[in-house]
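When you line the sequence shown up against this note's numbering, it's residues 59 to 340, in that order.
Some notes on the structure that comes next.
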Amino acid sequence: MADVIRNERIITEFLPVIGGNLTRTLDIVIKNGVFQAKDVIVVQGTREINAPSAATATEADRIADGKARKSVRGTVSNTCEIITKYVSLTDTETALEKVRLAKEIEDAVLELKQDFNYHLWNGTRKDIDPRAMDSILRQIPTANKISKAKANFAKQDFVDAVLKASKAGIVTTVFGGYDTVSYLADVVKATQTSQQNSDMVNLDTNIIIVNGQKLEIVTDEAIPDNTLVLGNPKYLEFYLLNQLRQLELARTGRVVDYMVDMEATVLLRNPKNFVSINLTTA
């Protein structure tokens, strides 16, 4: 029978340190900060800016007329999801390699982040156990979801999508899988150089420039095929309900079991700043 040990160690500090090519979006989001969730469902106000006003009356006049310009905020929410990984080591393995546990935990953290990053683009919200968070794609408003036949997708379609997203904030990033980004480069008639192809659009290594506005390209293979996403990652916020931890679960004879887990979610605070482009092939 296993002897329960419960030796817990908080290792959240390793979240921004351990990463790879399958955690790219999550790594970008974590750079914005790690926020503390206060419930299993995180609710925050949107970070939307009111449209420019043509009013010329003084502030006092507007207040007197009941026309004070108010900031209207909606709310966004998402569910915290638990991601768990397990490690088992024998006494022999630990004796032969003194840092074996550290290496196994590091790999477990990387696998956990890869899973979370995948859910970040493919998750469907579920508020009952086992809880699951909504993906970034599902947090984008329907009005900002563009569907276009891949064969008919043109440079102007991409420019129009950038302009649409720009109405709600500065657009800094294009997300997509490698094949989809390569297709985009072909559509805008760009090469992987700094050569400018027109005054409107050109591609420079990992940057697309639209009307003088630079957009960084982030390739992430977790993003569904034939999907591009435009927006500003600063509006993506990472919330932890339970910290990333290493937990020694139990010993059974000469085998010790460990668990690495965290409970977290990501909120898109300015949904109107994000636009998705689905390139259909049917």
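Ideal placement from N, C-alpha and C gives every residue a C-beta, glycine not left out.
Inset, instruction - Can you grab the Cα-Cα spacing for the pair Gln250 / Lys208, in whole Å? - result: Below a pLDDT of 50, predicted positions are generally treated as unreliable, and Gln250, at 43, falls in that range; no measurement from the model is reported.
Inset, instruction - Determine contact between the stretch 146-158 and the stretch 291-300, defined as no fewer than three beta-carbon pairs at a distance below 8 Å. - result: Using a Cβ-Cβ distance cut-off of 8 Å, the stretch 146-158 and the stretch 291-300 are not in contact, since fewer than three pairs of beta carbons, one from each stretch, lie closer than that value.
Inset, instruction - Enumerate in chain order the residues of its own chain whose CB-to-CB distance from Asn202 is below 6 Å, with the five nearest sequence positions on each side excluded. - result: So the list reads Val333, once near-sequence residues are dropped.
Legend entry - alpha helix (DSSP H) segment containing Thr83, residue limits: Residues 82-88.
Legend entry - Among Asn180, Leu80, Lys143, Asn269, the one whose alpha carbon lies nearest that of Glu162: The option with the nearest alpha carbon to Glu162 is Lys143.
Legend entry - Given Ile141 as reference, the closest of Leu168, Arg158, Glu155 once Cα atoms are compared: Selection Leu168, Arg158, Glu155 evaluated against Ile141 yields Leu168 as nearest (Cα-Cα).
Legend entry - First through last residue of the alpha helix (DSSP H) which encompasses Ser224: That run of the alpha helix (DSSP H) goes 213-224.
Inset, instruction - Measure the C-alpha to C-alpha separation of Met320 and Phe296 and round it to an integer number of angstroms. - result: For Met320 and Phe296, the distance between alpha carbons rounds to 12 Å.
Legend entry - Range covered by the alpha helix (DSSP H) that runs through Tyr176: Tyr176 -> alpha helix (DSSP H) spans 158-180.
Inset, instruction - May I ask you to report which of helix, strand or coil DSSP gives Arg4? - result: An answer regarding residue 4 cannot be provided, because it is not within the stretch 59 to 340 covered by the chain.
Inset, instruction - Please state whether DSSP places Arg309 in a helix, a strand or coil. - result: Three-state result, Arg309: strand.
Inset, instruction - Confirm, please, whether the CB-CB distance from Glu164 to Arg158 is below 8 Å. - result: Not a contact, by the Cβ cut-off of 8 Å.
Inset, instruction - Within its chain, find whatever has a CB closer than 8 Å to the CB of Lys272; leave out the 5 residues flanking it on each side and keep chain order. - result: Counting only Cβ-Cβ distances below 8 Å, and skipping sequence neighbours, we find Thr230, Ile265, Ile266.
Legend entry - Contact under 8 Å by Cβ, Val341 with Leu73: This structure cannot settle anything about residue 341, because the visible part of the chain is limited to 59 through 340.
Legend entry - Straight-line gap, Lys330 to Met317 (C-alpha atoms, nearest Å): Going by the C-alpha atoms only, they are around 38 Å apart.
Legend entry - Straight-line Cα distance separating Leu305 from Glu66: Near 4 Å, if we compare the C-alpha coordinates of Leu305 and Glu66.
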